[in-house]
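Just so you know, the protein sequences line up as chains A and B, in that order. For the first sequence, this note's numbering gives the first residue as 1, with consecutive numbering after it. For the second sequence, this note's numbering gives the first residue as 1, with consecutive numbering after it. Have a look at the structure below before the remarks.
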Amino acid sequence: YKTFDGDLKWDHNDVTYRILNYSPDMDSAVIDDAFARAFKVWSDVTPLTFTRLFDGTADIMISFGKRDHGDPYPFDGKDGLLAHAYPPGEGLQGDAHFDDDEYWTLGKGPAVKTRYGNADGAMCHFPFTFEGKTYTTCTTDGRTDDLPWCATTADYSRDKKYGFCPSELLYTFGGNADGAKCVFPFVFLEEEYDSCTTEGRNDGYRWCATTDNFDQDKKFGFCPSRDTAVIGGNSEGEPCHFPFVFLGKEYNSCTSEGRGDGKLWCSTTDNYDEDKKWGFCPDQGYSLFLVAAHEFGHALGLDHSSIRDALMYPMYSYVEDFSLHRDDIEGIQYLYGRRTGPDPTPPQPNTPTTAPNPGPTDSTDPTKPTTTTTARPDPTNDACKLDKFDTITVIEGELHFFKDGNYWKRSREGDGELQGSFSISQRWPALPAVIDSAFEDLLTKKLYFFSGTRFWVYTGQSLLGPRSIEKLGLPNTIQKVEGALQRGKGKVLLFSGASFWRLDVKAQKIDNGYPKYTDAIFGGVPSDAHDVFQYKGHMYFCRDQFYWRMNSRRQVDRVGYVKYDLLKC
Amino acid sequence: WSRPLKSISVTFPGDIIKNMTDTELAETYLKRFGYLETVQRSGFQSMVSTSKALKEMQKQMGLEETGQLDKSTLEAMKRPRCGVPDVAN
Chain A
1 YKTFDGDLKW DHNDVTYRIL NYSPDMDSAV IDDAFARAFK VWSDVTPLTF TRLFDGTADI
61 MISFGKRDHG DPYPFDGKDG LLAHAYPPGE GLQGDAHFDD DEYWTLGKGP AVKTRYGNAD
121 GAMCHFPFTF EGKTYTTCTT DGRTDDLPWC ATTADYSRDK KYGFCPSELL YTFGGNADGA
181 KCVFPFVFLE EEYDSCTTEG RNDGYRWCAT TDNFDQDKKF GFCPSRDTAV IGGNSEGEPC
241 HFPFVFLGKE YNSCTSEGRG DGKLWCSTTD NYDEDKKWGF CPDQGYSLFL VAAHEFGHAL
301 GLDHSSIRDA LMYPMYSYVE DFSLHRDDIE GIQYLYGRRT GPDPTPPQPN TPTTAPNPGP
361 TDSTDPTKPT TTTTARPDPT NDACKLDKFD TITVIEGELH FFKDGNYWKR SREGDGELQG
421 SFSISQRWPA LPAVIDSAFE DLLTKKLYFF SGTRFWVYTG QSLLGPRSIE KLGLPNTIQK
481 VEGALQRGKG KVLLFSGASF WRLDVKAQKI DNGYPKYTDA IFGGVPSDAH DVFQYKGHMY
541 FCRDQFYWRM NSRRQVDRVG YVKYDLLKC
Chain B
1 WSRPLKSISV TFPGDIIKNM TDTELAETYL KRFGYLETVQ RSGFQSMVST SKALKEMQKQ
61 MGLEETGQLD KSTLEAMKRP RCGVPDVAN
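If you want it as structure tokens, here you go:
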């Protein structure tokens, strides 16, 4: 790792940040979340805290801009330079700028959060089917009002879950109209406009009036990008027009013809040769989270690293399950020291600091865990700040969330307050910090915990294990058990990778005929879910911060956020 | 066997990425990220040699330090990246 000359760093640990504007590429809530997660990357390993300000001057001012955006280092259109940030200090120092000629996503194509509809703001599910046709983008099919929509599950006809996609006909962002939708046509400088325009601005952002006359009312907002819109070029925000003519030849899809850089483009009118209107076709985009985490490293005082896998390596590459490289940790801890306070993964047994109260105890009854009375919650460990859990399961009727040596629980009623964090080692001393999967056997009330290739069985406070999962008949090729679903009494499905096995709990053996492919039996859920559990009669499959809920007829009836729907943050 | 298409390069309006030769691209890259710079001290002006700059860039990127504008170096220069210079000015 490398720091800037003079080891520039903040002289305080409570660093503030402010998001000055948003990209039209993603919903503001998704952008807020990406930035918050990017800061968390650094606060997890240092004593730094990051507080968001909504006005005034923050240490780190974050903004999106294009080309010449107000500092001496202009951006360069799509690709090439993605972002830059300044080392800690006053004024421009510490600020982070993101090139809005890039297509900002979460790194895997359009990240489209819906509004309205009946899916509670869930993300679009691409592809989805509607009346026998498969859609990979939002569509206006089936509607007469031209509003683009998408299904939030794989099959709209079956699940009927949908939401509306970003559109200027639905809302705007920024500006001074409180997110009101565009009004078309509108008048600007005595000219009439039927669509969003960049006229009158020199920053390339598309805007519209939210009343029929801007000259008179001065009300405006910026237009969100549709997922089908081209990026950059000279028609930003317009959809491709297929077929289109280029150099006399007709094209029905995006092409790299005419370009030396191999980038795919399309015409936004039927004839490029005549109209010269074009833009780049939407691609996977760049992960705002990853780029922001890198830039915030600069804003905290780290220069570029020469280690290819380090976050502070200057080039972008997408990684699915990001974790901070040792080089980055050593760099940031050189500047700010280690994170103080309780170790988030404490494997040591609980040692009470005060003598326990004398009196009756039921510790001799192995069926009654006594630890709930000794485990004291640590409210400073906030489950709402976590993006994904090691495992989620129901124990004694309460939903439990496990992460890095801690757990939180919510009562079965669902509206009860989230309790925790509690230390795993206090309640189940033999368990490691990371639990990949867990389930409670409905017949015997025994608790099964899986971590890596080992498992433990708790009956009250008495313990069996650890034992190898091979003893259950699972193959030695599987690295961990990622989920467990009760199938009636005495049978549990164990998930790993894209497959699952059925465990006969009484016989402690995997049934014949397994493994089976997850997507062959549970269609419409991610085949790489990292948490699978049963809750209130539904099956839940989690990936990252999202869950897919499946009913007993194996229909996905809901997709949502773990944070909001299950943790109730 | 398909006959290779004759590719035609077009200047797209509003496209600020100009078609550059490999040498031009390398020079722009090395200057932009601080590897190649004119140092002015007390009236003395010196240009760091391109080969030396390339070696420094290759070292930073974990590439083989050939000092030549080889294929992997050129590919690295075309990849998306952070705009903060690698060599502090």
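Note that the Cβ used here is the ideal one computed from N, Cα and C, for glycine as well.
Using a Cβ-Cβ cut-off of 6 Å (strictly less than) and excluding sequence neighbours within five positions of residue i, which residues of its own chain qualify?
{"i": "Leu69(B)", "result": "Ala26"}
{"i": "Asp155(A)", "result": "Thr129"}
{"i": "Gly107(A)", "result": "Ser287 and Tyr318"}
{"i": "Asn476(A)", "result": "Glu470"}
{"i": "Ala88(B)", "result": "none"}
{"i": "Met20(B)", "result": "none"}
{"i": "Thr269(A)", "result": "His241, Asp275 and Lys277"}
{"i": "His12(A)", "result": "none"}
{"i": "Asp327(A)", "result": "Tyr1, Ser305, Ile307 and Ala310"}
Which residues mark the beginning and the end of the beta strand (DSSP E) in which residue i is found?
{"i": "Met61(A)", "result": "Ile60 to Gly65"}
{"i": "His84(A)", "result": "Leu81 to Ala85"}
{"i": "Met550(A)", "result": "Phe546 to Met550"}
{"i": "Arg158(A)", "result": "That residue, Arg158(A), is in no beta strand (DSSP E); its alpha helix (DSSP H) goes Tyr156 to Asp159."}
{"i": "Phe538(A)", "result": "Contrary to the premise, residue 538(A) reads as His rather than Phe in this sequence. Element bounds for His538(A): His538 to Arg543."}
{"i": "Lys133(A)", "result": "Lys133 to Tyr135"}
{"i": "Ser323(A)", "result": "That residue, Ser323(A), is in no beta strand (DSSP E); it is neither H nor E in DSSP."}
{"i": "Asp14(A)", "result": "Asp14 to Ile19"}
{"i": "Trp265(A)", "result": "Trp265 to Ser267"}
{"i": "Glu398(A)", "result": "Glu398 to Lys403"}
Please list the partners that residue i has in chain A, where partner means a Cβ-to-Cβ separation under 8 Å.
{"i": "Lys59(B)", "result": "Ser306"}
{"i": "Ala88(B)", "result": "Phe4, Asp5 and Asp303"}
What residues in its chain sit with their C-beta under 7 Å from that of residue i, if we drop five residues either side in the sequence?
{"i": "Arg553(A)", "result": "none"}
{"i": "Asp387(A)", "result": "Arg37, Asp544 and Gln545"}
{"i": "Gln419(A)", "result": "Pro377, Trp408 and Lys409"}
{"i": "Arg308(A)", "result": "none"}
{"i": "Gly483(A)", "result": "Ser437, Phe495, Ala529, Asp531, Val532 and Phe533"}
{"i": "Ile329(A)", "result": "Val45"}
{"i": "Asn551(A)", "result": "His538 and Asp557"}
{"i": "Phe220(A)", "result": "Gly175, Asn176, Ala177, Trp207, Cys208, Ala209, Thr210 and Phe214"}
Taking the Cβ atom as the reference point for each residue, do residue i and residue j lie within a distance shorter than 8 Å?
{"i": "Ser23(A)", "j": "Phe64(A)", "result": "yes"}
{"i": "Arg81(B)", "j": "Pro314(A)", "result": "yes"}
{"i": "Asp203(A)", "j": "Lys66(A)", "result": "yes"}
{"i": "Gln555(A)", "j": "Asp159(A)", "result": "yes"}
{"i": "Lys446(A)", "j": "Gly473(A)", "result": "no"}
{"i": "Cys223(A)", "j": "Cys182(A)", "result": "yes"}
{"i": "Tyr547(A)", "j": "Gly560(A)", "result": "yes"}
{"i": "Gly179(A)", "j": "Gly117(A)", "result": "no"}
{"i": "Thr49(A)", "j": "Tyr334(A)", "result": "no"}
{"i": "Asp14(A)", "j": "Thr51(A)", "result": "yes"}
{"i": "Asp504(A)", "j": "Gly488(A)", "result": "no"}
{"i": "Thr105(A)", "j": "Asp33(A)", "result": "no"}
{"i": "Phe439(A)", "j": "Val492(A)", "result": "yes"}
{"i": "Thr136(A)", "j": "Pro127(A)", "result": "yes"}
Just to make sure I have the definition right: I need the residues of chain A whose C-beta is within less than 9 Å of the C-beta of residue i. Which are they?
{"i": "Gly62(B)", "result": "Ser306, Ile307, Arg308 and Tyr313"}
{"i": "Ser9(B)", "result": "Gly258, Arg259 and Gly260"}
Within a Cβ cutoff of 8 Å, which residues of the same chain sit near residue i, ignoring the five residues on either side of it in sequence?
{"i": "Lys480(A)", "result": "Asp436, Ser437, Phe450, Ser451, Gly452, Thr453 and Ser496"}
{"i": "Ser42(B)", "result": "Only weak support exists for where Ser42(B) lies, its pLDDT of 45 falling under 50; the coordinates are left without a value."}
{"i": "Lys263(A)", "result": "Lys78, Asp79, Ser256 and Phe280"}
{"i": "Asp273(A)", "result": "Val245, Phe246, Leu247 and Gly248"}
{"i": "Thr198(A)", "result": "Gly204, Tyr205, Arg206, Trp207 and Glu236"}
{"i": "Leu443(A)", "result": "Lys489, Gly490, Val505 and Lys506"}
How far does the alpha helix (DSSP H) with residue i in it extend, from its first residue to its last?
{"i": "Lys385(A)", "result": "Taken as a continuous stretch (DSSP letters only), Lys385(A) belongs to no alpha helix (DSSP H), as it is neither H nor E."}
{"i": "Tyr272(A)", "result": "Tyr272 to Asp275"}
{"i": "Lys78(B)", "result": "Lys71 to Lys78"}
{"i": "Ile435(A)", "result": "No alpha helix (DSSP H) holds Ile435(A); DSSP gives it neither H nor E."}
{"i": "Ala293(A)", "result": "Leu288 to Leu300"}
{"i": "Lys52(B)", "result": "Thr50 to Gln60"}
For a contact meaning CB atoms closer than 9 Å, what does residue i contact in chain B?
{"i": "Glu295(A)", "result": "Cys82 and Val84"}
{"i": "Leu247(A)", "result": "Ile8 and Val10"}
What residues from chain B crowd round residue i, counting only those whose CB sits closer than 8 Å?
{"i": "His298(A)", "result": "Cys82 and Val84"}
{"i": "Tyr286(A)", "result": "Pro80"}
What in chain B is Cβ-close to residue i, meaning under 7 Å?
{"i": "Tyr73(A)", "result": "Gly83"}
For a test of your reading of the model: does the CB of residue i fall under 7 Å from any non-hydrogen atom of the ligand PLP? Yes or no.
{"i": "Tyr17(A)", "result": "The ligand PLP is not part of the structure shown, which contains no ligands of any sort."}
(request) Report the residues of the segment 315-327 of chain A with a CB closer than 9 Å to any CB of chain B, ordered along the chain. (result) Met315, Tyr316 and Ser317
(request) Check each residue of the segment 267-280 of chain A: if its Cβ is closer than 8 Å to any Cβ of chain B, include it; give the result in chain order. (result) Lys276 and Trp278
(message) What are the residues in the segment 215-245 of chain A lying within 7 Å of chain B by C-beta distance?
(response) Gly233 and Asn234
(request) Note down, in chain order, all residues in the segment 519-550 of chain A with a beta-carbon under 9 Å from any beta-carbon belonging to chain B. (result) Cβ contacts with chain B: none found.
(message) To be precise: take each residue of the segment 78-95 of chain A, compare its Cβ to all Cβ atoms of chain B, and keep it if any distance is under 7 Å. Which residues remain?
(response) Residues of the segment 78-95 of chain A whose Cβ lies closer than 7 Å to any Cβ of chain B, in chain order: Asp79, Gly80, Leu81, Leu82, Ala83, His84 and Ala85.
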